[in-house]
Structure formats: structure tokens, C-alpha cells
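**Q** Below is a structure I'd like to ask you about.
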Ligand SMILES: [Fe+2]
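Residue numbers (the numbering used here): 17 to 320.
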């Protein structure tokens, strides 16, 4: 299958803005969780050993109310990073500038350590498909996404962090691998990378390549965050469902990622069948133990 990315495509070569890559690399935060409403009380009433939280930006891009009040309290106690799901950085549709205004306003409020979204498109022609859709890895698409990352980075005043998505189809027009596309995107824009370990596993399984080729093809100095999550094994393919504990093969890939990338802020994403906080913290403890074994106790417990 193929998609021509002509509508709205622009070249990043003319008038290329200064890269924000000269900015200092964001700090290593340790081991965090995605902030979920089910855990608000446990977090606010207790003092759980969680180093930081990732918040879904869109959930808090509102004018006021209880969610923002809770976020203020959590941001006062923990480092926070913002993670969006609808920037649609690779779409051929014009940017929703109101959305970017909302992102900037939220960032001003919570002072996130970084702002991330996904290397994908989520809609076109005014329709939001509410899914993280794959792109063809062509030079044309790369020019297009580079220009759009520059635009976002100018608007948010910092380097954007982009995550690899899990994919279930590939484009026969692709001219390079996903990791080559991501590497070139990072080189040309100075964006940071969120390396979703489970997504790499899922895509590698579904498309029949070696996840280590992906891992070894990414520029180590641009990776600032890991996602870990559970997937569903459908025998012939796997689906990134975020409703299971992290599986053994993904823990193995995480250990390999630590060996290659060094200390990288790590978190577990759980979006369905969300367990009680202590259960999720136990799983996070397993990530700490792997990091401790690979990189030493100071990486496993940075706050100690
Ligand atoms: Fe993820």
C-alpha cells in the first residue's frame, strides 16, 4: 500500500530554523509511571517510591477543574513529563494551532522535563481517527516531517521528543528502514527520542525483522525515555494492547536497550486492566532490578 504525501508537504531545506539540539539533554529521572486516575488517591495520600510521572497532555488541556488541580499537586511533588497522542506530526493536514497553544499553556503550568508525542499521523481532512497510524519511510515523507517538527519546536520553544509507534502494515513505497528514518529525523531536527521497547518488539515481530537491528540503528545520544508495556500474543502477530504486564521477551529487549543507551528514564504504560498501584510498582521494581543488574545501583535508585 502507498500514500502520496503531497498535500501540504513542505521542504525543510529553505529557511531551516536553528536546531534546539544544542540545548542540554534532559535529566535522567529514574523510574516512573503513566499517571492514571485510578491511582490519584494512593499517590496524593501516600508517598510511593515512584521517581516521576508521565501525563497524557490532552487530558489536562482544559481551563480548570479537578484534573488540573490534582496535576498541580502532583507536579509540585514529582518531576512530570508531557506525552501527547494527537499532534499528528506526520499528517498532511495543517497543524491545529489551537492545539499547540494548549500544549504551550499546559507546559507553562506544569514545567515538564520534556514534551513528547508519536511519530505518526492521527487524522486528515478534519477527521481525527484516534489511532496512531504508520507512515511510509520515504525521503519525501522525511522532508515533510522534518519541516513539521521544526514548526512544533519553534512553537513550544524546545526540542520535541518523538516516540516510535507499533505498526501492523508496511508501505511498499518505503525507501529506508524505520530506524534509518528516525535517525535522520533526529539528526536534521535535533528532536529527542522516546524508545518504546514494546513497540519495537511488536513491530519487529509483525514485520519479521530483528528488533536488535532497530535498537542498534538508533542514535544513542538522542534517546531520553523508554516506554515499557504489555502486548497481546495472537500467535501469528502481536498487538500493542497495554493491558498486560510486560512480557519476558520485552524485558530482554529492555536489558539490551540499557546496555546500548545507558541510563534512560523508564516508565510502564498501562491503559487497560489497570491494576492497583502496588502491583504496578512491583512491576516497576522489576525494571529497576534489571537496570541495577545492567548499569548498577545508582541507576536503579537515582533518588537514594
Ligand atoms: Fe509507548
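Quick reminder that beta carbons are idealized off the backbone N, C-alpha and C, glycines included.
What residue range is occupied by the uninterrupted alpha helix (DSSP H) comprising residue 104?
**A** Neither: residue 104 is in no alpha helix (DSSP H) and is coded neither H nor E.
**Q** Go to residue 224, then tell me how far its alpha helix (DSSP H) extends in each direction, as first and last residue.
**A** Note, residue 224: premise wrong, no alpha helix (DSSP H); not H, not E.
**Q** Let me check you understand the geometry: is the CB of residue 245 closer than 7 Å to at least one non-hydrogen atom of ligand 1?
**A** yes
**Q** Could you tell me if the beta carbon of residue 75 falls within a distance shorter than 7 Å of some heavy atom in ligand 1?
**A** no
**Q** From 153, 69 and 60, pick the residue whose C-alpha is nearest to that of residue 185; which is it?
**A** 153
**Q** Using only the heavy atoms of ligand 1, determine whether one of them is closer than 7 Å to the beta carbon of residue 179.
**A** Residue 179 Cβ: within cutoff of ligand 1.
**Q** Mind checking who residue 149 pairs with in its DSSP beta bridge?
**A** 137
**Q** CB of residue 70 to nearest heavy atom of ligand 1: below 7 Å?
**A** Incorrect: residue 70 has no Cβ contact closer than 7 Å to ligand 1.
**Q** Using 10 angstroms around the beta-carbon of residue 82, count the other beta-carbons present and answer buried if the total reaches 16, otherwise exposed.
**A** exposed
**Q** Could you check if residue 194 is buried or exposed, using at least 16 other CB atoms within 10 Å of its CB as the buried criterion?
**A** Residue 194 should be labelled buried.
**Q** Under 8 Å, with one C-beta from each stretch per pair, do the stretch 121-134 and the stretch 158-167 reach the 3-pair mark?
**A** no
**Q** Mind the definition here: the stretch 84-98 touches the stretch 199-207 only if three or more C-beta pairs lie below 8 Å; say whether that holds.
**A** no
**Q** Given a cut-off of 8 Å, decide if residue 244 and residue 303 are closer than it, judged by their beta-carbon atoms.
**A** yes
**Q** Run through DSSP, which three-state label would residue 188 get?
**A** coil
**Q** For residue 67 and residue 46, which I take to be in contact (beta-carbon distance under 8 Å), what is that distance rounded to the nearest angstrom?
**A** 3 Å
**Q** Report the option in 151, 213 and 318 whose CA atom is closest to the CA atom of residue 190.
**A** 151
**Q** Please report the distance separating the alpha-carbon of residue 54 from that of residue 155.
**A** 43 Å
**Q** Find the nearest neighbour of residue 117 within the set 141, 139 and 168, judged by alpha-carbon distance.
**A** 168
**Q** Taking DSSP's pairing of strands, which residues face residue 210 in a bridge?
**A** When DSSP reads this structure, residue 210 sits in a beta bridge with 179 and 241.
**Q** Counting only runs that start and end within the stretch 49-104, where is the alpha helix (DSSP H) found for 4 or more residues in a row?
**A** 56-61 and 82-93
**Q** If contact is defined by three or more beta carbon pairs under 8 Å, each pair taking one atom from either stretch, is the stretch 282-290 in contact with the stretch 217-232?
**A** Contact between the stretch 217-232 and the stretch 282-290 is absent: fewer than three C-beta pairs spanning the two stretches fall below 8 Å.
**Q** Relative to the C-alpha of residue 289, which residue among 277, 258 and 298 is closest?
**A** It is 258 whose Cα lies nearest to the Cα of residue 289.
**Q** Please report the straight-line C-alpha distance between residue 278 and residue 311, rounded to a whole angstrom.
**A** Cα-Cα distance, rounded: 7 Å.
**Q** Contact check, residue 209 vs residue 238 under 8 Å by CB: the rounded distance?
**A** 5 Å
**Q** Would you mind sorting residue 91 into buried or exposed? The rule is 16 or more other CB atoms within 10 Å of its CB.
**A** buried
**Q** Among 319, 261, 275 and 308, whose alpha-carbon lies nearest the alpha-carbon of residue 291?
**A** 261
**Q** Restricting to Cα atoms, I'd like to know which of 273, 111, 132 and 176 is closest to residue 39.
**A** 176
**Q** Please state whether DSSP places residue 132 in a helix, a strand or coil.
**A** strand
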